[in-house]
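Residue numbers (the working numbering): 1 to 65.
Glycine included, every Cβ here is placed at the ideal spot set by N, Cα and C.
The structure displayed is predicted, hence computed values, not measured ones.
This is the structure we're talking about:
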């Protein structure tokens, strides 16, 4: 069974397929309107608040701030 590790970062256009296999696993998928895009680790870190803001309210239920 093969796993496709293709895609480019939606922010900086880094190539996921060019990353070492273990690094490619740290990329973050985002899905909007049925379309999946990817963020490389540096861009994901830079946009973590945007990503958290898209989580449903149920995700935060019972968590203390």
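Report the partner residues of residue i according to the DSSP bridge assignment.
i          : result
residue 39 : 28
For residue i and residue j, I'd like the C-alpha separation in whole angstroms.
i          : j          : result
residue 22 : residue 58 : 31 Å
residue 20 : residue 50 : 26 Å
residue 15 : residue 41 : 12 Å
residue 29 : residue 9  : 9 Å
Go ahead and label residue i buried or exposed: buried means 16 or more other beta carbons lie within 10 angstroms of its beta carbon, across all protein chains shown.
i          : result
residue 39 : buried
residue 2  : Residue confidence is low: residue 2 scores 38 on pLDDT, short of 50, so the model does not pin down where it sits. No coordinate-derived value is stated.
residue 24 : buried
Is it the case that the Cβ atoms of residue i and residue j are separated by a distance below 9 Å?
i         : j          : result
residue 7 : residue 37 : yes
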